[in-house]
Amino acid sequence: MKRTIDYSLYLVTDRRVTDQKGRDFYEAVEEALRAGITLVQLREKDVTTEERIAIGRKIKVLCDRYDVPLLVDDDIACAKAIGAAGVHLGQSDESLARGRQELGDDAIIGISAHNLEEAQAALRGGADYLGVGALYPTATKKDASCLGLGPFREIIAAISLPIVGIGGIGEKEFPEVMKCGAAGCAMISSILGAEDITATVMVMKMAYEALRKGE
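Residues 39 to 253, numbered by the working numbering, are exactly what the sequence shown covers, in order.
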């Protein structure tokens, strides 16, 4: 049975961010989980599959401790090896069809989309959710062009899937994105690079609860 996912506070990992802050990667991820992160994506570039699996197994232990699903970015083999809930695939990553074949119908498969056409194709292909952006300038992907909130709203209105905003989202931007009708926001630097991870996550968690209550 496919797991119900809360996409609202979606942490994407990047050890480079914690390294730059001089903090322990796993401790930072656990602090974010403890504060209320609802979904984690293992996104570690420039490592081998074996290294990613080793990192992923440690992150999976942390996610299981807080009953939070773990997805893996662009590595179906790693997702299978660590028993992740699914994968997130880009437009040029492993195909959605292959991901579904390898991981099964219960796996969560997210697809990156940068425009309505890509979003429609992912919907037809059987994606479970979309990561759409970049919505704001981002240090993580310096070459990413900004989509903006106008086109983002149009995609949300046209596509009957949970839509997660990505790219340059922090405490200030989080409510703006969620007010567009997003299911959640995927964030790296604004959480793992925050001076106070717990406080940062809690601020966004409270903002989300206020929006849900219509405040």
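All C-beta atoms, glycine included, are put in the ideal place defined by N, C-alpha and C.
Quick caveat: nothing in here was measured; it's all calculated off a predicted structure.
If you check the beta carbons only, do residue i and residue j fall under 8 Å apart?
i	j	result
P37	Y45	Since the displayed the chain opens at 39 and closes at 253, residue 37 lies outside it and no answer follows.
L173	L185	yes
T87	A117	no
L80	I43	no
L49	M244	no
E89	R53	no
L100	V125	no
K40	D111	no
Q158	I197	yes
G164	L134	yes
R95	I120	yes
L47	V239	yes
D166	I146	yes
G252	G205	no
What's the C-alpha gap between residue i and residue j?
i	j	result
S227	V55	6 Å
A123	L108	6 Å
I194	G148	15 Å
G188	G203	12 Å
L230	A70	8 Å
E156	E68	34 Å
D102	F212	26 Å
D234	E214	22 Å
Y246	G222	9 Å
A73	R191	29 Å
A26	I97	Any question about residue 26 goes unanswered here, given that the chain covers just 39 to 253.
D84	A160	26 Å
E209	I93	28 Å
C218	L249	11 Å
D62	Q129	32 Å
V106	A220	19 Å
R162	N153	15 Å
I91	I75	22 Å
S183	D57	26 Å
M216	A177	21 Å
G60	T51	15 Å
D113	Y64	20 Å
Classify residue i: buried if its beta carbon has 16 or more other beta carbons within 10 angstroms, exposed otherwise.
i	result
P175	exposed
R138	buried
A151	buried
A237	exposed
A232	buried
Item to complete: Scan the region 189-221 and note each continuous alpha helix (DSSP H) run of 4 residues or more that stays entirely inside, going in chain order.
Response: The region 189-221 contains, as complete alpha helix (DSSP H) runs of 4+ residues, the segments 211-217 (chain order).
Worksheet item: Which runs of the beta strand (DSSP E) fall wholly inside the region 85-153 and span at least 3 residues, in chain order?
Response: Whole beta strand (DSSP E) segments, 3+ residues: 108-111, 124-127 and 146-151.
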